[in-house]
Each structure stands twice: as structure tokens, then as C-alpha cells.
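Each remark here refers to the structure printed beneath this line.
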């Protein structure tokens, strides 16, 4: 079994990179080995304080074809923690995006992080693109499923239950769009995702806070990607901690083509990791669910 699969930390040497590139690479949510604190950092999309916000957005391909919204459903895999939408994107659309994303100027993350941060080895592209975030939110079934408009595909929650699940009034997706590519041997060690305070553009602008991570998988074993599963580590119950019982079994979410995975982050984030990719390439589009502040 590889080191990455055991969940232990490992340090990998990496050539020196400039401060500007490091800022670009690590410019999204802080990733802690310890549970994140409730205080987040302000990464308002209306500011131009980092290099990823100053680039021109790519000419993203259209979202076509999509499976009809009536055929999609939210599935709560772990109550209050993990929700998925199988077949959120079609195989054809995923293939189109992998081809397009391969042309972007991806940057390899440093293998030796700052003290306390998790080891991540992958290639990534990051851009502040409110228009794409809005397309991903409103131009797909995501908005209606999350807000319960599509009752057949929702979780059957009333308004209060939805607010409790998502952490407030959901208003859209984080404009900070991240593209991840994991090649053979690359991985993301155990970590927690922190939350961010953001501002969604509009008239007026909407102050918001991220509450759930959104991961959209564009590859799977069907496309030749082996490994790369997302593994969550539930906390043992307080009584079992005192009795020194074995920890709960890890919860493994395998790669499925076109699967949208939502998992809670911030103070209630579960410890999790992206296992090492053994063959092929793992491609992911990342954003975050936002609620009104």
C-alpha cells in the first residue's frame, strides 16, 4: 500500500518557485491538518489582490449535452456531510471539458507545504470567473436541486431543513473556479477545507460565505483513471473516544464520470483526502456553495 493510501504525511522535494506562483497555487481555501477555526479570510471577488483574479477568463465550452433535470437527483450519502448528484454531467460533456482544460496553463503545486498544511501534489488552474460560476449554478440542474425547486430530485426538505443543511440561504457558487489535474503518483493528503467570505457580484453585490465544497469529476475508471478516490474519516462518538474503541471506518467516494460531490466544510468539515492516482488522469472542477452573510 502506498504512503498516500495510508493517509500518513510525506514530504516531497520541489524546485524553488517564485512568490507570485506560490500565491497563485495556494490562493484558494486554506487547507489545514487541524480542524479549521470559525474565522475565515476575506477573498472578495470584487478585489484584484491576487494574480488569479487578474487573468482573463477562458472561453469555456458550452454545457451541452446535459441530462434532463427531471432525471437527476440529490443523494445524501452521509447525513449532513456528503451529498452527490450522479450523472450531473454527461460523458460527452466531461470529455469535451477534459480536452479543453488540457490547454490551460496549469501550475504544479509545491510538494513541501508550510508547517501544518497538508501535502498536495497536483496540477491546477485558478481563475476568478463570476460568469462561469453563475452558469454552473443556474445553467445546470444544480440550483433547482439544491433549492428544492425540483421536488422529485430534492431531498424532501422544507425551507428550514434546507437552511440547516446548507448553512443558510444559498445564493450561488464561489466565483473562485479551480481546475485540478492529478496524474499518476499525485495525491492530496488528509486535510480539512476551511470556509471563505466572498462577495458575489450584482446590483447590489451579495456578501456571502462558503459552506460546502463542490467537486465535479470529469474522469473515472471508465476513462482509464484508477485510484484518486475521495476518502472521508468520520469522527468517533465522544463515548467511544473515552472507551478507546476503534475509529469508524473511512467513507470512500469512488470516481464516477460526471458525478457532482458536495461536502460540508468549515468548522464541521470532516477530515478527508484524495488518494493517489495509480493510472491515468483525474480531472476535477472545484467551486463552493455560498450562503448569504
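Residue numbers (the numbering used here): 1 to 293.
No residue lacks a Cβ here, since even glycine has one placed at the ideal position from N, Cα and C.
Please read all numbers here as calculations on a predicted model, not as lab measurements.
> Which same chain residues, not among the five before or five after residue 129, have their C-beta less than 7 Å away from its C-beta?
Replying inline: 57, 175, 177
> I think residue 168 touches residue 291, with their Cβ atoms under 8 Å apart; what is that distance to the nearest whole Å?
Replying inline: 3 Å
> Which word fits residue 24, buried or exposed, when buried means at least 16 other C-beta atoms lie within 10 angstroms of its C-beta?
Replying inline: Below a pLDDT of 50, predicted positions are generally treated as unreliable, and residue 24, at 38, falls in that range; the measurement from the model is reported next regardless. Answer is buried; the Cβ neighbour count reaches 16.
> Can you give the Cα-Cα distance for residue 234 and residue 274, rounded to whole angstroms?
Replying inline: Cα to Cα, residue 234 sits roughly 15 Å from residue 274.
> From residue 293 to residue 211, what distance separates their C-alpha atoms?
Replying inline: 11 Å
> Given a threshold of 16 other Cβ atoms within 10 Å of its Cβ, counted over all protein chains shown, does residue 123 qualify as buried or as exposed?
Replying inline: buried
>> Taking the alpha-carbon of residue 173 as reference, which of 154, 197, 189 has the nearest alpha-carbon?
In response: Measuring from the Cα of residue 173, the nearest candidate turns out to be 197.
>> Less than 8 Å between C-beta atoms, sequence neighbours within five positions excluded: which residues of the same chain meet that for residue 222?
In response: These residues qualify, in order along the chain: 91, 257.
> If residue 262 sits next to residue 190, beta carbons under 8 Å apart, how far is it from one beta carbon to the other, in whole angstroms?
Replying inline: About 20 Å; that fails the 8 Å criterion.
> residue 282 by DSSP, collapsed to three states: which one?
Replying inline: Looking at residue 282 - three-state DSSP - the assignment turns out to be strand.
>> Looking at residue 69: is its Cβ nearer than 9 Å to the Cβ of residue 153?
In response: yes
> In the DSSP assignment, what are the bridge partners of residue 128?
Replying inline: 176
> Given residue 247, which residues of its chain have a CB within under 6 Å of its CB, disregarding the five upstream and five downstream residues?
Replying inline: Within the same chain, residue 247 has close Cβ partners 236.
> Considering only residues of the same chain and omitting the five flanking positions on each side of residue 206, which have a CB-CB separation below 6 Å?
Replying inline: 171, 200
> Cα separation between residue 65 and residue 249?
Replying inline: 38 Å
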